[in-house]
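**Student:** Questions regarding the structure given below will be posed in turn.
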Amino acid sequence: MLPDVKVFSLLSIGRHPQSGRARRAEQDARAVELGLTLVGRDLNLVHAGSAQQDDSVLRQYAGMGLPALTLLEQEENADILPSLAKFLQNNQAGIVLMGVRAESGESSGMLPYLLAEKLGWPIVSRIADIVDIKEGVADVLLALPRGQRRAVQVALPFIATLDNAASAPRQTAYGSGLRAKIEVVSSESTVDDLTLNWQVSPAKPRPKRMKVVKAKTAADRFKAATAKLAGGGGQVLKEGTPAEKAQAIFDLLLEEKVIR
Amino acid sequence: MILDWLLPTLILTLLVLAGIGAVRRMNMWRAGQAEKVDIIAGLLAMPKRYLHDLHHVVERDKYMSRTHVATGGGFVLAMALVILVHLIGIESKVLSWMLLGALSMMFCGAVFVFKRRRNPPSRLSKGPWMRLPKNLLIFSVTFFVLTLPAAGVLPASFTLGVMGQWFLTLVLSALVLMSLSEMLFGMTWGGPMKHAFAGALHLAFHRRPERFGGGRSTGLKPVDLEDNALASGKVLGVAKPSDFKWNQLLGFDACVQCGRCEAMCPAFAAGQPLNPKKLIQDMVVGFAGGTDEHYAGSRYPDKAVEGKAVGEAKGGVDHIITDGLINPETLWSCTTCRACVEECPMMIEHVDAIVDMRRFLTLEKGETPNKGAEILDNIIATDNPNGYAPASRTHWAADQNLNLMKDVKKAEVLFWVSDGAFDMRSQRILRSFVTLLKAANVDVAILGDEERDSGDVARRLGDDATFQSLAKRNLATLGQYEFKTLVTTDPHAFHCLKNEYGDFGSDALEGVDVLHHTTFLNQLIKAGRLQVEGFKGGKVTYHDPCYLGRYNGEYEAPRELLASLGIEIEEMERSGYRSRCCGGGGGAPITDIPGERRIADMRMEDVVSTGAEMVAVGCQQCTAMLEGVVEPRPVVKDIAEILASQLIEVHS
Numbered sequence: 010m011l012p013d014v015k016v017f018s019l020l021s022i023g024r025h026p027q028s029g030r031a032r033r034a035e036q037d038a039r040a041v042e043l044g045l046t047l048v049g050r051d052l053n054l055v056h057a058g059s060a061q062q063d064d065s066v067l068r069q070y071a072g073m074g075l076p077a078l079t080l081l082e083q084e085e086n087a088d089i090l091p092s093l094a095k096f097l098q099n100n101q102a103g104i105v106l107m108g109v110r111a112e113s114g115e116s117s118g119m120l121p122y123l124l125a126e127k128l129g130w131p132i133v134s135r136i137a138d139i140v141d142i143k144e145g146v147a148d149v150l151l152a153l154p155r156g157q158r159r160a161v162q163v164a165l166p167f168i169a170t171l172d173n174a175a176s177a178p179r180q181t182a183y184g185s186g187l188r189a190k191i192e193v194v195s196s197e198s199t200v201d202d203l204t205l206n207w208q209v210s211p212a213k214p215r216p217k218r219m220k221v222v223k224a225k226t227a228a229d230r231f232k233a234a235t236a237k238l239a240g241g242g243g244q245v246l247k248e249g250t251p252a253e254k255a256q257a258i259f260d261l262l263l264e265e266k267v268i269r
Numbered sequence: 002m003i004l005d006w007l008l009p010t011l012i013l014t015l016l017v018l019a020g021i022g023a024v025r026r027m028n029m030w031r032a033g034q035a036e037k038v039d040i041i042a043g044l045l046a047m048p049k050r051y052l053h054d055l056h057h058v059v060e061r062d063k064y065m066s067r068t069h070v071a072t073g074g075g076f077v078l079a080m081a082l083v084i085l086v087h088l089i090g091i092e093s094k095v096l097s098w099m100l101l102g103a104l105s106m107m108f109c110g111a112v113f114v115f116k117r118r119r120n121p122p123s124r125l126s127k128g129p130w131m132r133l134p135k136n137l138l139i140f141s142v143t144f145f146v147l148t149l150p151a152a153g154v155l156p157a158s159f160t161l162g163v164m165g166q167w168f169l170t171l172v173l174s175a176l177v178l179m180s181l182s183e184m185l186f187g188m189t190w191g192g193p194m195k196h197a198f199a200g201a202l203h204l205a206f207h208r209r210p211e212r213f214g215g216g217r218s219t220g221l222k223p224v225d226l227e228d229n230a231l232a233s234g235k236v237l238g239v240a241k242p243s244d245f246k247w248n249q250l251l252g253f254d255a256c257v258q259c260g261r262c263e264a265m266c267p268a269f270a271a272g273q274p275l276n277p278k279k280l281i282q283d284m285v286v287g288f289a290g291g292t293d294e295h296y297a298g299s300r301y302p303d304k305a306v307e308g309k310a311v312g313e314a315k316g317g318v319d320h321i322i323t324d325g326l327i328n329p330e331t332l333w334s335c336t337t338c339r340a341c342v343e344e345c346p347m348m349i350e351h352v353d354a355i356v357d358m359r360r361f362l363t364l365e366k367g368e369t370p371n372k373g374a375e376i377l378d379n380i381i382a383t384d385n386p387n388g389y390a391p392a393s394r395t396h397w398a399a400d401q402n403l404n405l406m407k408d409v410k411k412a413e414v415l416f417w418v419s420d421g422a423f424d425m426r427s428q429r430i431l432r433s434f435v436t437l438l439k440a441a442n443v444d445v446a447i448l449g450d451e452e453r454d455s456g457d458v459a460r461r462l463g464d465d466a467t468f469q470s471l472a473k474r475n476l477a478t479l480g481q482y483e484f485k486t487l488v489t490t491d492p493h494a495f496h497c498l499k500n501e502y503g504d505f506g507s508d509a510l511e512g513v514d515v516l517h518h519t520t521f522l523n524q525l526i527k528a529g530r531l532q533v534e535g536f537k538g539g540k541v542t543y544h545d546p547c548y549l550g551r552y553n554g555e556y557e558a559p560r561e562l563l564a565s566l567g568i569e570i571e572e573m574e575r576s577g578y579r580s581r582c583c584g585g586g587g588g589a590p591i592t593d594i595p596g597e598r599r600i601a602d603m604r605m606e607d608v609v610s611t612g613a614e615m616v617a618v619g620c621q622q623c624t625a626m627l628e629g630v631v632e633p634r635p636v637v638k639d640i641a642e643i644l645a646s647q648l649i650e651v652h653s
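Line by line, the protein sequences give chains C and V. Residues in the first sequence are numbered consecutively from 10, following this note's numbering. Residues in the second sequence are numbered consecutively from 2, following this note's numbering.
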């Protein structure tokens with residue numbers, strides 16, 4: 010791997026689905042794992058959040074084998090996007106890794122996209138691995154349903170979100186996590202006006218239609234049980250000029266009322 | 002005669018050399034960490050510890066204990082008298098005759114040592130140990146001959162020719178040199194006799210003095226997690242030999258390589274890469290430096306590890322142990338069953354050392370093998386090893402109508418349910434026990450969802466941070482309520498609560514009887530609070546759980562309970578303090594180091610060989626391990642289940 014690529018893994022405070030307790034977020038931990046395999050101890054860990062909180066979860070990330078991590082200090086209810094974007098730009102990040110969505114908070118999954126938009130960088134979502142980086146271009150494997158992969162090339166700098174198919178995070182070591190230095194960087198907090206007026210209440214489980222599998226063979230049942238939703242319609246455009254293809258996409262977005 | 006001055010010179014020289022060796026050896030031990038030991042009291046207590054506690058263990062092998070008394074006792078007495086008679090030159094017939102007596106005794110012992118060494122069992126180390134009986138014999142015979150004139154047995158007029166005298170002098174001097182080199186020089190410079198020197202001091206400065214005089218000390222010592230311990234550049238657990246306490250290093254040096262641990266170790270028997278004797282010798286290589294080339298006993302069984310030739314394991318006092326000296330798999334093969342510790346005549350603490358080194362691997366390197374990391378993550382996030390919702394801990398008792406401590410605040414008995422609450426097989430044990438408690442009208446309550454994992458698995462996997470966190474939180478919960486007795490069906494939780502929670506400065510369990518359910522049920526039966534009918538189901542044997550038996554000395558209550566049902570136990574060959582582990586302790590099922598056989602299968606073979614149709618156990622972990630053996634095999638039942646099925650319900 011090229012040592013001059015600066016790799017950043019963004020960390021969030023996860024939430025255990027059974028106990029609701031703070032933990033290493035599964036996908037963010039995978040982002041750290043991938044970063045460690047890419048650049049080892051040169052990996053940069055960044056968490057944007059308030060400094061007062063119990064730092065044991067951050068130390069769990071550091072305990073995966075890193076001597077320090079950066080804490081971008083933010084007030085409660087702050088929108089972390091502006092300061093995170095600024096920080097990444099100022100530090101000449103080459104690759105920014107993170108989970109698809111946070112396990113707590115809004116958990117909208119929008120952060121990587123908003124970050125990419127703000128920085129003007131490409132984003133590759135749900136990657137399984139970064140195979141190689143050569144001359145500013147990375148060979149990335151996207152995770153597709155049922156163990157399939159798609160190889161794509163992305164120019165640096167870019168943002169990547171980690172699918173659960175990426176290699177599982179290594180164990181955290183309590184001792185080295187405890188000794189890790191948490192460098193607190195104070196940064197400007199932008200108050201997120203929108204969320205201030207939100208009322209948060211526990212989600213109620215909604216009735217769900219039972220999935221009836223009309224499969225005749227075990228292989229079919231297995232397929233039905235393991236397949237992720239593969240979008241039904243759609244068409245693959247192979248013919249035509251780029252302009253025609255772009256028009257087709259534009260028409261579809263209009264039709265689906267994504268843009269008006 | 003030349004011998005008149007040569008003999009004292011030889012003795013003095015070797016004594017001085019031995020003294021230098023002793024200082025050198027002690028400095029090696031001092032490379033370890035400081036540990037407070039009462040030096041004077043220890044030294045004063047040493048003879049009694051030797052004669053009583055050590056010999057209590059040696060006595061299990063009658064042949065060897067008598068041999069050792071004669072040889073060792075004879076040698077100590079003879080050496081003292083040799084110094085008086087031959088070095089200082091006290092001319093006393095009484096002393097000389099006493100010396101002759103001591104030497105005769107030693108000779109008799111040495112003959113038996115010699116006899117055993119002619120065809121030694123595989124557990125014994127060979128190499129330098131094979132020459133020891135010869136030197137013992139030479140020592141006793143040579144000094145016997147040399148003492149004869151002083152005792153006045155040889156007439157003063159007894160003379161040889163000049164040549165004869167020279168010859169005799171030469172031969173005797175050579176023999177004296179040979180035997181004294183072994184007995185004195187070898188004692189402090191690493192020969193087989195080192196066991197006498199280090200062993201005596203080990204008894205005096207033992208890290209667990211509570212073990213002497215019939216006591217018991219089995220709880221692991223906590224890791225110091227205070228900030229200052231981390232700041233000073235120290236690591237958690239033991240990375241290098243110098244991270245052990247000094248008296249642990251001394252303990253390793255006491256090993257006589259008798260291999261009794263090896264013969265008892267379930268992991269060794271299963272072909273997993275662990276041999277407690279080799280492990281202790283590797284520790285010695287570690288702090289003394291060098292390689293294991295002089296080791297002449299059986300090795301770690303596993304082929305992958307065995308691939309290393311003798312001499313390839315290298316160590317040094319400041320070398321990381323798992324980096325060339327010991328394969329981590331060796332450490333993870335241990336089930337912490339304590340069979341080796343129980344059997345060790347030198348009272349070496351193998352399990353402490355293994356867990357110390359595991360702590361480094363888990364807390365500093367994050368290298369707990371196989372499912373270890375996942376289990377630890379689950380324990381941290383959900384307080385149970387399998388990651389179940391903490392709020393579902395009491396689901397098993399939905400139909401049991403049990404009081405919750407949260408509601409009643411106070412009860413006669415607190416039933417510690419343990420993580421068996423999440424396992425459907427263990428729930429059968431829990432329900433049976435509740436049935437018995439209700440039949441006896443016991444005022445009982447449970448903690449419900451407030452209970453957490455006891456921390457046993459986390460601690461044995463080396464994660465002492467998580468153990469301590471669980472212990473402190475559990476103690477805080479227990480401290481809110483009032484109860485006189487705490488009962489649990491899980492010997493692992495029982496051991497933690499009884500022996501390991503005391504280190505965290507809480508008075509929550511002060512004045513509380515912490516009991517295993519078999520002990521408690523035995524009390525109920527004896528008090529006549531439970532009526533049971535005789536058991537008519539065929540032959541039954543009983544498997545002693547390690548954490549109930551060796552860890553807590555409870556061998557009787559389960560047997561009395563079975564006897565109360567009219568069951569005559571078909572004892573297994575290895576039962577009681579020699580019970581073989583089921584393979585389920587120490588996180589071994591989680592780290593799952595491959596061997597040639599499964600420990601549980603071997604234990605089931607023990608059960609089958611008694612002809613029993615049922616094996617009674619007192620531990621959910623043992624139940625799970627033994628039931629995991631493929632059928633056909635005897636039925637596995639917890640004593641609570643057997644008892645509940647024989648209960649006579651008294652309707653009032």
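Beta carbons are placed, not taken as given, at the ideal position from N, Cα and C, and that holds for glycine.
Could you tell me the boundaries of the alpha helix (DSSP H) in which threonine 14 of chain V lies?
**Tutor:** 4-30
**Student:** Along the chain, where does the beta strand (DSSP E) that runs through methionine 107 of chain C open and close?
**Tutor:** 104-108
**Student:** If I follow the unbroken beta strand (DSSP E) through asparagine 475 of chain V, where does it start and stop?
**Tutor:** Judged by DSSP secondary structure, asparagine 475 of chain V falls outside any beta strand (DSSP E) and instead within the alpha helix (DSSP H) spanning 465-480.
**Student:** Could you tell me the boundaries of the alpha helix (DSSP H) in which tryptophan 247 of chain V lies?
**Tutor:** 247-254
**Student:** If we count the other Cβ atoms within 10 Å of its Cβ and call it buried at 16 or more, is valine 66 of chain C buried or exposed?
**Tutor:** buried
**Student:** Tyrosine 122 of chain C lies in the alpha helix (DSSP H); which residues open and close that run?
**Tutor:** 120-128
**Student:** Buried or exposed: tryptophan 247 of chain V, going by 16 or more other Cβ atoms within 10 Å of its Cβ?
**Tutor:** The residue is buried, with at least 16 neighbouring Cβ atoms inside 10 Å.
**Student:** Would you kindly check if the distance between the Cβ of cysteine 623 of chain V and the Cβ of proline 546 of chain V is under 7 Å?
**Tutor:** yes
**Student:** In this structure, does DSSP put asparagine 404 of chain V in helix, strand or coil?
**Tutor:** strand
**Student:** Spell out a yes or no on whether the segment 412-431 of chain V and the segment 388-395 of chain V are touching, meaning 3 or more CB-CB pairs, one atom from each, closer than 8 Å.
**Tutor:** yes
**Student:** Mind listing the chain V neighbours of arginine 179 of chain C? Cutoff is C-beta to C-beta under 7 Å, in chain order.
**Tutor:** Gly367
**Student:** Could you give the first and the last residue of the continuous beta strand (DSSP E) run that contains histidine 517 of chain V?
**Tutor:** 514-517
**Student:** Using C-beta distances below 8 Å, list every residue in its chain close to threonine 219 of chain V, excluding the 5 sequence neighbours before and after it, in chain order.
**Tutor:** Arg339, His496, Asn500, Arg551, Tyr552, Asn553
**Student:** Pull up the distance between the alpha-carbon of glycine 252 of chain V and that of glutamine 98 of chain C, whole angstroms please.
**Tutor:** 59 Å
**Student:** Nearest CA to the CA of leucine 431 of chain V: which residue from V:Asp491, V:Val286, V:Val236?
**Tutor:** V:Asp491
**Student:** Check the DSSP bridge columns for glutamate 483 of chain V and list the partner residues they point to.
**Tutor:** Within the DSSP secondary-structure output, glutamate 483 of chain V pairs in a beta bridge with V:Lys411.
**Student:** Would a check of beta-carbon distances place threonine 395 of chain V closer than 7 Å to chain C?
**Tutor:** no
**Student:** Suppose you measure from the CA of lysine 1 of chain V to the CA of methionine 626 of chain V; what does that come to, to the nearest Å?
**Tutor:** Here chain V has residues from 2 to 653 only, and residue 1 of chain V is not among them.
**Student:** Which value, in whole angstroms, describes the spacing of the CA atoms of leucine 437 of chain V and leucine 531 of chain V?
**Tutor:** 8 Å
**Student:** Across the segment 511-528 of chain V and the segment 556-568 of chain V, are there enough close Cβ pairs to call them in contact, namely three or more that are closer than 8 Å?
**Tutor:** yes
**Student:** Taking 8 Å as the threshold, find out whether the segment 374-390 of chain V comes into contact with the segment 342-360 of chain V through three or more Cβ pairs.
**Tutor:** no
**Student:** Would serine 28 of chain C pass as an interface residue toward chain V - the criterion being a Cβ-Cβ separation below 7 Å?
**Tutor:** With 7 Å as the cut-off, serine 28 of chain C counts as an interface residue toward chain V.
**Student:** Alpha carbons only, please: which of V:Arg453, V:Gly512, V:Met406 is nearest the one belonging to glutamine 481 of chain V?
**Tutor:** V:Met406
**Student:** What residues of chain V sit near methionine 73 of chain C, judged by a beta carbon separation below 8 Å?
**Tutor:** Those within 8 Å of methionine 73 of chain C in chain V are Gly367.
**Student:** Pull up the distance between the alpha-carbon of phenylalanine 521 of chain V and that of isoleucine 447 of chain V, whole angstroms please.
**Tutor:** 16 Å
**Student:** Could you check the C-alpha separation between lysine 540 of chain V and serine 610 of chain V for me, to the nearest Å?
**Tutor:** 12 Å
**Student:** Checking contacts by CB at 7 Å: is leucine 7 of chain V closer than that to chain C?
**Tutor:** Cβ-Cβ to chain C under 7 Å: no for leucine 7 of chain V.
**Student:** I'd like the list of long-range same chain contacts for leucine 176 of chain V, defined as Cβ closer than 6 Å, with 5 residues on each side in sequence excluded.
**Tutor:** For leucine 176 of chain V, where only same-chain residues beyond five positions count, the Cβ hits under 6 Å are Ile139, Thr143.
**Student:** Within its chain, find whatever has a CB closer than 7 Å to the CB of valine 161 of chain C; leave out the 5 residues flanking it on each side and keep chain order.
**Tutor:** Val133, Val149, Leu151
**Student:** Alpha carbon to alpha carbon, what distance is there between glycine 587 of chain V and threonine 542 of chain V?
**Tutor:** 24 Å
**Student:** One question on the structure: do arginine 261 of chain V and threonine 337 of chain V come within less than 7 Å of each other, judged by their Cβ atoms?
**Tutor:** For the pair arginine 261 of chain V and threonine 337 of chain V, the CB atoms are not nearer than the 7 Å cut-off.
**Student:** Who are the Cβ neighbours of arginine 426 of chain V in its own chain at under 8 Å, not counting the five residues just before and after it?
**Tutor:** Contacts found: Gln621, Thr624, Ala625, Glu628.
**Student:** Among the residues of its own chain, which have a CB less than 7 Å from the CB of tyrosine 183 of chain C, if the five just before and after it don't count?
**Tutor:** Gly72
**Student:** Taking only beta-carbon positions, decide if proline 492 of chain V is within less than 7 Å of chain C.
**Tutor:** no
**Student:** Say whether chain C places a C-beta atom closer than 7 Å to the C-beta of leucine 364 of chain V.
**Tutor:** yes
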